[in-house]
Amino acid sequence: AQDLLLQAQKMEALGQVVSGVAHDINNVLAAVQGAFAILGKRVGDEQLRFVIEQGHRAGDRAGAIVRQMLSFARHEPVRPRVLRLQDVLPPLETMLCHAIGRRHRCSLMVAEDCQPVLADPHQLDVALLNLAINARDAMPTPGVLAIRAANDRDGRVRISVTDSGIGMSEHVLERAREPFFTTKGSAGTGLGLAQVHSFAATAGGLVEMRSTLAQGTTVSILLPPSAVELTDVTRVAVPSE
Ligand code: ADP
Numbered sequence: 207a208q209d210l211l212l213q214a215q216k217m218e219a220l221g222q223v224v225s226g227v228a229h230d231i232n233n234v235l236a237a238v239q240g241a242f243a244i245l246g247k248r249v250g251d252e253q254l255r256f257v258i259e260q261g262h263r264a265g266d267r268a269g270a271i272v273r274q275m276l277s278f279a280r281h282e283p284v285r286p287r288v289l290r291l292q293d294v295l296p297p298l299e300t301m302l303c304h305a306i307g308r309r310h311r312c313s314l315m316v317a318e319d320c321q322p323v324l325a326d327p328h329q330l331d332v333a334l335l336n337l338a339i340n341a342r343d344a345m346p347t348p349g350v351l352a353i354r355a356a357n358d359r360d361g362r363v364r365i366s367v368t369d370s371g372i373g374m375s376e377h378v379l380e381r382a383r384e385p386f387f388t389t390k391g392s393a394g395t396g397l398g399l400a401q402v403h404s405f406a407a408t409a410g411g412l413v414e415m416r417s418t419l420a421q422g423t424t425v426s427i428l429l430p431p432s433a434v435e436l437t438d439v440t441r442v443a444v445p446s447e
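The following block contains the structure:
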C-alpha cells in the first residue's frame, strides 16, 4: 500500500507541476496570439503578413500542445458523496492498523451520533493512510495510534489521528503542511500532509495539528456536516442552481 501511495503522491505532484507550467504558458500564448492578431490587421506589407501568419500558426500549434498537456495532467475528478463515517471508517481499521505495524496499539472509533459529511471517499482513505504512515514513522518504539470520529462542540465533524510519537518542533509544525517539506530525507516525499490539507479544503473543511515533542501528535480533519439527508443522495449530484 505504501508503494502505491508514494507513486500516487509523485504523480499528483508531477500533475500539479505540469498543469501549473501549462497554465503559465497558456497565458503567455494568449498575449502572443493577441499581438499577432493586431499585427495581422495593421501590417500591409505582403512579406511581413506572411511572417506574421506563420507566427500565428506556430502559436496555434503550441496552444494545442499545451491543451494536451493540461488534459493529461488534469487531476482525477473529485467525486464527493454523502458519507456516514460509521459505515466507511470501520472497514478501514484493518488496513490502517496493518500499515503502522503490529508492535503498536491501534484503534479506530466512530461516535454513534456522528453526522454525515460530504467528501470523496477515495481521498478520505488516502488522507487517513497518510496520517497513519506519519504516525508510524513518528513512533520508533511501540506506541499508540488512535483514530476517532465524532461531532465537535462547534457542530463540525472531527476526524482525529493521535499518535504517541516523537512529536514536532515548532519549526517543523509550522512547515509540515508545505508540499515537499520533509524531515525524512529520501524516505519522505513531503506530500502526505499536503494531500490531507487539500482533501479537507476540497470538502469545505480544515486541518488542525497539535504536537508536543516527545509526547505525540494529533492531526484533526474538521469537516462541515453534510446538509443533505442521507436518503436524499440524488440531490447531491444535481447542481444547486
Ligand atoms: P513525509 O511524511 O513524506 O515527510 P508529510 O507531509 O506527511 O511528508 O510530513 C511532513 C513532515 O511533518 C514529516 O517529514 C515530519 O517531520 C512531520 N510530521 C508529519 N506527521 C508527523 C507526526 N505524526 N509526528 C511527527 N512528525 C510528523
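According to full-length UniProt numbering, numbering within the sequence shown proceeds without interruption in unit steps and concludes at 447. We treat Cβ as the ideally placed atom computed from N, Cα and C, and that holds for glycine.
Residue i: CB within 7 Å of a non-hydrogen atom of the ligand ADP
{"i": "N336", "result": "yes"}
{"i": "M217", "result": "no"}
{"i": "N340", "result": "yes"}
{"i": "M315", "result": "no"}
{"i": "I372", "result": "yes"}
{"i": "T347", "result": "no"}
{"i": "A344", "result": "yes"}
{"i": "F387", "result": "yes"}
{"i": "T418", "result": "no"}
{"i": "L397", "result": "yes"}
{"i": "V378", "result": "yes"}
{"i": "D326", "result": "no"}
{"i": "A382", "result": "yes"}
{"i": "D331", "result": "no"}
Residue i to residue j span [Cα, whole Å]
{"i": "T300", "j": "G373", "result": "25 Å"}
{"i": "V267", "j": "L295", "result": "First, the residue type needs correcting, since residue 267 is Arg and not Val in the sequence shown. Distance between the alpha carbons of R267 and L295 is about 48 Å."}
{"i": "L397", "j": "R285", "result": "21 Å"}
{"i": "E376", "j": "G349", "result": "22 Å"}
{"i": "V272", "j": "G226", "result": "11 Å"}
{"i": "G394", "j": "I231", "result": "30 Å"}
{"i": "D251", "j": "G269", "result": "27 Å"}
{"i": "F256", "j": "H229", "result": "29 Å"}
{"i": "G411", "j": "A356", "result": "15 Å"}
{"i": "T418", "j": "A333", "result": "22 Å"}
{"i": "L212", "j": "L314", "result": "24 Å"}
{"i": "P283", "j": "T408", "result": "11 Å"}
DSSP-derived helix/strand/coil call for residue i
{"i": "M301", "result": "helix"}
{"i": "D358", "result": "coil"}
{"i": "T388", "result": "coil"}
{"i": "V223", "result": "helix"}
{"i": "T395", "result": "coil"}
{"i": "S404", "result": "helix"}
{"i": "D343", "result": "helix"}
{"i": "R383", "result": "coil"}
{"i": "A325", "result": "strand"}
{"i": "E414", "result": "strand"}
{"i": "R308", "result": "coil"}
{"i": "D369", "result": "strand"}
{"i": "P296", "result": "helix"}
{"i": "M217", "result": "helix"}
{"i": "D438", "result": "Confidence at D438 is low in this model, with a pLDDT of 47, below 50, so its placement is unreliable and the value that follows should be read with caution. DSSP places D438 in helix when its eight states are reduced to three."}
Residue i classed as buried or exposed, judged by whether at least 16 other C-beta atoms fall within 10 angstroms
{"i": "R342", "result": "buried"}
{"i": "I244", "result": "exposed"}
{"i": "S392", "result": "exposed"}
{"i": "G265", "result": "buried"}
{"i": "H328", "result": "exposed"}
{"i": "M345", "result": "buried"}
{"i": "L254", "result": "exposed"}
{"i": "G240", "result": "exposed"}
Minimum Cβ-Cβ distance from residue i to chain C less than 8 Å
{"i": "K247", "result": "Here chain C cannot be found, since the structure has a single protein chain."}
Heavy atom of the ligand GTP within 7 Å of residue i beta-carbon
{"i": "A400", "result": "The ligand content of the structure shown is limited to the ligand ADP, which means the ligand GTP is not among them."}
### Query
Three or more C-beta pairs closer than 8 Å, one from the segment 358-370 and one from the segment 413-431: is that the case here?
yes
### Task
Check whether the segment 329-345 touches the segment 298-315, taking contact to mean three or more Cβ pairs, one atom from each stretch, closer than 8 Å.
yes
#### Entry: Stretch-stretch touch, CB-based, cutoff 8 Å, three pairs: the segment 376-390 with the segment 255-265
no
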